[in-house]
Each structure stands twice: as structure tokens, then as C-alpha cells.
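Enquirer: Each residue of the sequence shown is one higher than the last, beginning at 1 in the UniProt record's numbering.
Structure below; questions to follow.
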Amino acid sequence: MGWLFLKVLLVGVSCSGFLYPFVDFCLRGKTMGQKPNIVIILADDMGWGDLGANWAEMKDTANLDKMASEGMRFVDFHAAASTCSPSRASLLTGRLGLRNGVTHNFAVTSAGGLPLNETTLAEVLRPAGYVTGMIGKWHLGHHGSYHPNFRGFDYYFGIPYSHDMGCTDAPGYDHPPCPACPPGNGSSRNLERDCYPDIALPLYENLNIVEQPVNLSGLARKYAEKATQFIQQASASGRPFLLYMGLAHMHVPLAVAGPRANPRGQSPYRAGLREMDSLVGQIKDKVDHMAKENTLLWFTGDNGPWAQKCELAGSVGPFTGRWQIHQGGSPAKQTTWEGGHRVPALAYWPGTVPANVTSTALLSVLDIFPTVVALAQATLPQDRRFDGLDASEVLLGRSQTGHRVLFHPNSGAAGEYGALQTVRLERYKAFYITGGARACDGSIGPEQQQDPPLIFDLQEDAAEGEPLQRAGAEYQAVLPKVRKVLADVLQDIANDNISRADYTQDPSVIPCCNPYQIACRCQTT
Numbered sequence: 001m002g003w004l005f006l007k008v009l010l011v012g013v014s015c016s017g018f019l020y021p022f023v024d025f026c027l028r029g030k031t032m033g034q035k036p037n038i039v040i041i042l043a044d045d046m047g048w049g050d051l052g053a054n055w056a057e058m059k060d061t062a063n064l065d066k067m068a069s070e071g072m073r074f075v076d077f078h079a080a081a082s083t084c085s086p087s088r089a090s091l092l093t094g095r096l097g098l099r100n101g102v103t104h105n106f107a108v109t110s111a112g113g114l115p116l117n118e119t120t121l122a123e124v125l126r127p128a129g130y131v132t133g134m135i136g137k138w139h140l141g142h143h144g145s146y147h148p149n150f151r152g153f154d155y156y157f158g159i160p161y162s163h164d165m166g167c168t169d170a171p172g173y174d175h176p177p178c179p180a181c182p183p184g185n186g187s188s189r190n191l192e193r194d195c196y197p198d199i200a201l202p203l204y205e206n207l208n209i210v211e212q213p214v215n216l217s218g219l220a221r222k223y224a225e226k227a228t229q230f231i232q233q234a235s236a237s238g239r240p241f242l243l244y245m246g247l248a249h250m251h252v253p254l255a256v257a258g259p260r261a262n263p264r265g266q267s268p269y270r271a272g273l274r275e276m277d278s279l280v281g282q283i284k285d286k287v288d289h290m291a292k293e294n295t296l297l298w299f300t301g302d303n304g305p306w307a308q309k310c311e312l313a314g315s316v317g318p319f320t321g322r323w324q325i326h327q328g329g330s331p332a333k334q335t336t337w338e339g340g341h342r343v344p345a346l347a348y349w350p351g352t353v354p355a356n357v358t359s360t361a362l363l364s365v366l367d368i369f370p371t372v373v374a375l376a377q378a379t380l381p382q383d384r385r386f387d388g389l390d391a392s393e394v395l396l397g398r399s400q401t402g403h404r405v406l407f408h409p410n411s412g413a414a415g416e417y418g419a420l421q422t423v424r425l426e427r428y429k430a431f432y433i434t435g436g437a438r439a440c441d442g443s444i445g446p447e448q449q450q451d452p453p454l455i456f457d458l459q460e461d462a463a464e465g466e467p468l469q470r471a472g473a474e475y476q477a478v479l480p481k482v483r484k485v486l487a488d489v490l491q492d493i494a495n496d497n498i499s500r501a502d503y504t505q506d507p508s509v510i511p512c513c514n515p516y517q518i519a520c521r522c523q524t525t
């Protein structure tokens with residue numbers, strides 16, 4: 001009996017023609033009433049200025065721009081952190097890293113992940129009758145119970161972390177470049193800085209590795225195929241669905257397939273934008289065909305561009321962090337400057353989300369969790385507090401009111417990971433610490449404590465170039481309000497039910513489909 005259960009768990013069962021790893025997916029009853037389908041698409045390292053509808057002069061995002069014209073574009077929308085794992089943890093829990101325990105990235109050798117006592121969006125929606133799928137980058141733990149199939153997702157297809165965290169046979173564009181995996185008869189090599197030359201990148205379907213190393217040039221096509229298949233079969237089940245997609249784009253290495261790889265001498269980054277836009281377009285087309293009137297499609301990003309990758313990084317648009325540039329380093333990914341966390345965001349739901357609307361509401365990736373839970377008529381967990389808000393009224397065009405206050409956690413450039421030392425208060429932004437991430441030229445901005453804080457007026461100074469004069473009346477009026485909201489949130493966190501992530505590392509947990517082959521090489525599909 002135990003063997004039979006293990007076989008079902010590892011291989012999966014077929015329900016309505018679709019392979020799922022858990023039997024209970026077949027047994028859950030159909031939902032009562034009309035609940036919306038939810039599609040969340042999260043781009044990786046995409047700059048606010050990469051979206052044509054926002055800023056970019058070169059229009060490489062035709063499908064996304066069309067979605068903006070047919071839906072709602074958010075221009076003051078923010079990642080919950082400026083690096084991968086914390087941002088994704090906050091999306092799926094509606095809680096900052098100081099609450100959910102995820103304050104920095106997990107590694108290939110990480111034994112832990114998003115704490116198991118944290119409840120994911122998928123775990124909330126499944127009891128409400130939803131079919132749940134996750135395609136793409138996970139980066140919240142891959143070993144044992146931290147795998148997406150054990151975190152509420154009926155179906156998973158993707159890479160368990162960033163796709164630069166393992167070697168491939170055709171590595172694509174990176175700066176500096178990383179070597180390809182050694183051939184099957186090659187010898188093992190020592191790890192190089194920022195490269196994984198002896199650990200092949202794995203591709204999972206549910207609990208099984210189906211390809212190692214991954215063929216990056218075919219990854220976008222596979223993601224599109226799996227996404228459209230999930231939408232097709234979930235729609236045929238008659239139940240609402242949640243599809244969460246963590247795109248590989250625009251993270252390095254950039255690998256573009258087919259004739260679009262370098263049209264007319266186009267840069268690898270622009271070619272990657274076009275490929276990503278095509279992938280999103282295919283998903284939108286499938287939604288339009290299957291369930292146009294009852295599906296919310298929400299597109300956004302996990303953090304700003306990775307400036308140290310030079311021409312392989314995106315654009316921050318007008319959010320240039322000019323004050324930090326003068327100090328040195330980059331004001332983008334890993335920092336709490338606007339370029340690190342202000343991200344493109346669109347919502348599309350014909351007949352429900354008004355068309356061709358630009359929202360100036362101050363919103364965050366944190367808001368996806370409570371908003372989707374409300375739309376799905378599900379119930380928030382009652383034993384914890386949330387940092388996100390229900391933005392349904394904004395989505396429906398009835399309000400332009402979002403947050404009054406947002407907190408931007410330290411994400412690697414300065415200060416302790418996850419600490420709250422940058423505060424957005426309405427039009428103002430206060431820094432109790434500053435620092436620049438590694439820039440294209442290799443420079444790093446020094447960490448500097450700022451007490452009293454630097455305060456910028458973002459409405460007048462989006463580039464964060466000239467802080468308010470500390471002796472001025474405007475500064476003196478804002479400072480006590482900043483101090484109060486920061487003290488309030490820290491007290492609230494101290495009184496909350498918080499989690500702590502296990503960041504223990506163990507080489508034995510590295511995904512490997514064939515330990516007898518160099519770099520765990522195998523091909524099963």
C-alpha cells in the first residue's frame with residue numbers, strides 16, 4: 001500500500017487528461033458560483049522603462065502594450081523586495097520578509113525554503129475550488145516539502161531557481177560569460193565566481209526532473225505550451241484556476257530561439273524582450289479564446305534591472321537614482337532606490353477592469369495576495385497580519401487610493417537583509433541607509449547610515465537626485481510622520497506571528513537526475 005502511494009505521488013495521476021501529482025485533485029468537488037480565473041505573470045529583472053507603454057522608445061513589447069490599452073497600467077507599482085526569493089515569497093504570502101522569514105535568496109544547496117507555516121496563495125485558493133498551476137522560476141526552496149507541489153500547486157513545470165544557477169550546453173548571453181556544462185566524458189571543474197560549471201540546470205515537471213541540463217533556447221516555447229495546455233484543460237474541468245508564471249525573462253543568461261534571435265543586428269536584450277512579449281501574447285490569446293470574460297491577467301516584475309550585467313540589463317526609465325550614482329554603484333536591483341523596486345505592472349480583464357486606464361495608485365506585489373483572495377471569495381488566514389491590501393476597487397476603476405505607506409526592505413546593497421530602513425510615505429521617500437549595488441563598471445556604492453534620514457519628494461524628483469534640506473519646513477513636517485509609521489510597523493511585526501526561513505546549505509540536496517554522470521546529465525523528454 002505504501003509503495004502504491006509513493007508511486008502515485010512521484011508519477012502522478014491523470015484527471016481530465018492532465019497529469020497531476022496528487023490524487024485528491026481528482027476528488028475535490030467543483031466550486032459553487034462564478035469565481036474568476038487568475039493568471040499572474042511575473043517577469044524577472046525587467047526594468048520599469050522596458051515596457052513600451054511606460055517609457056521605452058524602442059517598442060519591443062507590442063503584446064504588453066496592447067494589454068495596457070485594453071486594461072489598466074500601474075505607474076507607481078512596486079516589488080516587495082529588490083531581489084528574487086524575498087519578492088516571490090511576498091507575492092505568495094502578502095507579507096514582508098520580516099514576517100514570512102524570507103529575507104534573501106535561496107541557493108542551489110539550500111535545504112530549506114519558504115517556511116512551511118506560511119500559507120501560499122495556492123494553498124488558500126485550492127480549498128476554494130481552484131485548480132492551481134505554477135510554471136517557471138520558483139526560487140522558494142526545492143528540497144522535500146518546499147517544492148511547489150507541496151505548497152498548494154497541483155501542477156508544476158519549471159526551473160526551481162534562477163536559470164543562471166546551473167550550467168547548460170548553450171549558455172546564452174551573460175556578463176561575464178559562463179562556460180558550458182562539461183560533456184558526459186569530461187572532467188569535473190572547480191566552481192568559478194558567479195558560475196556553476198559542474199551543476200547542470202534542471203527542468204522539473206511536478207516532482208520529476210525531465211531535462212538536465214535545460215535547453216534554454218527552447219524554454220520560452222515549452223513554457224508557452226505548458227501554460228496554454230494548463231489553461232485549456234483547467235477550463236475544461238469547469239472549475240476556476242490559478243496559474244502563476246515565473247518567467248525566465250529578463251534575467252541572464254539571455255537565450256533567444258529561432259529567427260528572432262538577432263533580427264537586423266538587434267541587441268540580445270531587445271531580442272529577449274520580444275521573445276518574452278510573444279510568450280505573454282500567446283497566454284493572453286489563450287485566455288481570450290477560453291475564458292476572456294472571467295479571467296484576470298496580472299503582469300508585473302520581481303525587481304528592477306541587474307545593472308552589473310551592462311548591455312544585458314534593462315532600463316529604469318526616469319528612476320535613475322541620481323543621488324546614489326554620484327556616490328558610486330548602481331541604484332537598481334538589490335537597492336531600495338526606485339530603480340530597484342518600481343516595476344512595470346498591468347491588469348487585464350475585459351468587461352471588469354476598465355480599458356486604457358492609467359492608475360497612479362501606490363500599489364505593491366504584496367497586494368496581489370489579498371486582492372486575489374477577495375476576488376476568489378476565499379478567506380485570508382486569520383492567525384497573522386498582512387502588509388498587502390485588497391486593491392479590488394482600484395482594479396475595478398472605482399478608486400485611485402492605494403497605500404499611504406510602503407516599506408522597502410534592504411535587499412543586498414546595504415544594511416541587514418530584510419530590515420526596513422527605507423520608507424515611502426505618500427509622495428515622500430525616506431532613507432535611513434543608502435548604498436549602491438555593483439554597477440556595470442564594477443564599482444559599488446558605500447553603505448552610509450542616514451540619521452536623520454534623507455527624504456526625497458518623488459512627485460517633484462522621480463530621479464531621487466536632490467533630497468529635501470534637513471533644516472527646511474517641508475522636511476521638518478515630514479520627518480515625524482516617517483518616524484511614526486516606521487515605529488508602528490516594527491511594533492506590529494514584533495507582535496505578529498512571524499516565521500524564520502531555514503537557510504541551511506547541504507550539497508546533497510542539489511537536484512540531480514543521474515549522479516553517475518558528469519554534471520548530473522540526463523535527458524528524459
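All C-beta atoms in this analysis are idealised placements derived from N, C-alpha and C, irrespective of residue type, glycine included.
Every value quoted in this text rests on a predicted model; they were computed, and no experiment measured them.
#1: Does DSSP put LYS429 in a helix, in a strand, or in coil?
#2: Can you give me the start and stop residues for the beta strand (DSSP E) that VAL131 sits inside?
#3: So, for ASP502: in the same chain, excluding its five sequence neighbours on each side, which residues have a beta-carbon less than 6 Å away from its beta-carbon?
#4: Identify, in the order they occur along the chain, each residue of the same chain with its Cβ nearer than 7 Å to the Cβ of GLN505, setting aside the five sequence neighbours on each side.
#5: Does the distance from the C-beta atom of GLY482 to that of ALA430 stay below 9 Å?
#6: Please classify ASP488: is it buried, with 16 or more other beta-carbons within 10 angstroms of its beta-carbon, or exposed?
#7: Can you say whether ASP194 is buried or exposed, counting buried as having 16 or more other CB atoms within 10 angstroms of its CB?
#8: Excluding the 5 residues preceding and the 5 following GLN327 in the sequence, name in chain order all residues of the same chain whose CB lies nearer than 6 Å to its CB.
#9: Between the C-alpha atoms of ASP24 and THR228, what's the straight-line distance to the nearest angstrom?
#10: Express the C-alpha separation of LYS333 and ASN100 in angstroms, rounding to a whole number.
#11: If you draw a straight line from the C-alpha of ARG427 to the C-alpha of LYS484, how long is it?
#12: I need the DSSP call for ARG521, collapsed to helix, strand or coil.
#13: Rounded to the nearest angstrom, what separates TRP337 and GLY47 at their Cα positions?
#14: Beta-carbon separation of PRO266 and ARG274 under 9 Å?
#15: For LEU247 versus ILE41, is the C-beta spacing smaller than 9 Å?
#16: Below 8 Å on the Cβ atoms is my contact criterion, and I expect GLY152 with PRO213 to pass it. Report the Cβ-Cβ distance as a whole number of Å.
#17: Does the count of Cβ pairs from the stretch 91-105 and the stretch 336-353 closer than 8 Å reach three?
#18: Can you list, in chain order, the residues of its chain with a C-beta nearer than 7 Å to that of GLU393? Leave out the 5 residues immediately preceding and following it.
#19: Can you grab the Cα-Cα spacing for the pair PRO350 / ALA43, in whole Å?
#20: Within the continuous alpha helix (DSSP H) that includes PHE369, where are the two ends?
#21: Between the beta-carbon of ASN37 and the beta-carbon of ILE325, is there less than 9 Å?
#22: Take the Cβ of GLY52 as the centre, count every other Cβ of all protein chains shown within 10 Å, and call the residue buried at 16 or more, exposed below.
#23: Have a look at VAL509, PHE319, CYS513 and MET67 and flag the residue whose alpha-carbon is nearest the alpha-carbon of CYS466.
#24: Restricting to runs no shorter than 3 residues, where is the beta strand (DSSP E) found entirely within the stretch 459-504?
#25: So for MET245, helix, strand or coil by DSSP?
#26: Cutting at 8 Å between CB atoms, please list the residues of its own chain near ALA462, excluding the five before and the five after it.
#27: By a C-beta neighbour count over all protein chains shown, 10 Å radius and 16 as the cutoff for buried, is residue 535 buried or exposed?
#28: Please classify CYS310: is it buried, with 16 or more other beta-carbons within 10 angstroms of its beta-carbon, or exposed?
#29: Determine the closest residue to GLU293 out of LEU346, PRO305 and PRO354, with distance taken between C-alpha atoms.
#30: So, is ALA439 buried or exposed, given that buried needs 16 or more other C-beta atoms within 10 angstroms?
#31: Short of 8 Å in beta carbon distance, which residues of its chain neighbour THR31, apart from the five on each side in sequence? Order them along the chain.
#32: Would DSSP call GLN327 helix, strand or coil?
#33: Would TYR223 and LEU279 qualify as a contact pair, given that the criterion is a beta-carbon distance under 9 Å?
#34: Please report how far the alpha carbon of PRO171 lies from the alpha carbon of ASP164, in whole angstroms.
#35: So the candidates are SER411, LEU420, SER359 and LEU395; which of them puts its Cα closest to the Cα of ASP387?
#36: Just tell me which of CYS512, TYR196, ILE433 and PRO176 has its CA closest to the CA of LEU203.
Expert: With the given structure in hand:
#1: strand
#2: Where VAL131 is concerned, the enclosing beta strand (DSSP E) stretches over 131-136.
#3: GLY112
#4: ALA107, THR109, SER110 and ALA111
#5: Checking the sequence shown, residue 482 turns out to be Val, not Gly. Yes; because the gap between Cβ atoms is below 9 Å, this pair is in contact.
#6: exposed
#7: exposed
#8: GLY445
#9: Summary for ASP24: the model assigns pLDDT 42, below 50, so the residue's position carries little reliability; its value from the coordinates is reported in the next sentence. Taking the straight line from one Cα to the other gives about 23 Å.
#10: 21 Å
#11: 16 Å
#12: coil
#13: 13 Å
#14: Here residue 266 is Gln; the residue named in the question, Pro, does not match the sequence. Against a cut-off of 9 Å, the Cβ pair of ARG274 and GLN266 comes out as a contact.
#15: yes
#16: About 28 Å; that fails the 8 Å criterion.
#17: no
#18: SER399
#19: 22 Å
#20: Its alpha helix (DSSP H) spans residues 368-375.
#21: no
#22: Counting other Cβ atoms within 10 Å of its Cβ, GLY52 reaches 16 or more and is therefore classed as buried.
#23: The sequence given here places Glu at residue 466; Cys does not occur at that position. The shortest Cα separation from GLU466 among VAL509, PHE319, CYS513 and MET67 belongs to PHE319.
#24: none
#25: strand
#26: PRO318, PHE319 and GLU338
#27: Residue numbering for the chain in the displayed model covers 1 to 525; residue 535 lies beyond these limits and cannot be assessed.
#28: exposed
#29: PRO354
#30: buried
#31: With a pLDDT of 36 at THR31, under the threshold of 50, the modelled position of that residue is not reliable, and no figure is offered here.
#32: helix
#33: Their beta carbons are under 9 Å apart, which means TYR223 touches LEU279 by this criterion.
#34: 9 Å
#35: LEU420
#36: Among CYS512, TYR196, ILE433 and PRO176, the Cα nearest to that of LEU203 belongs to CYS512.
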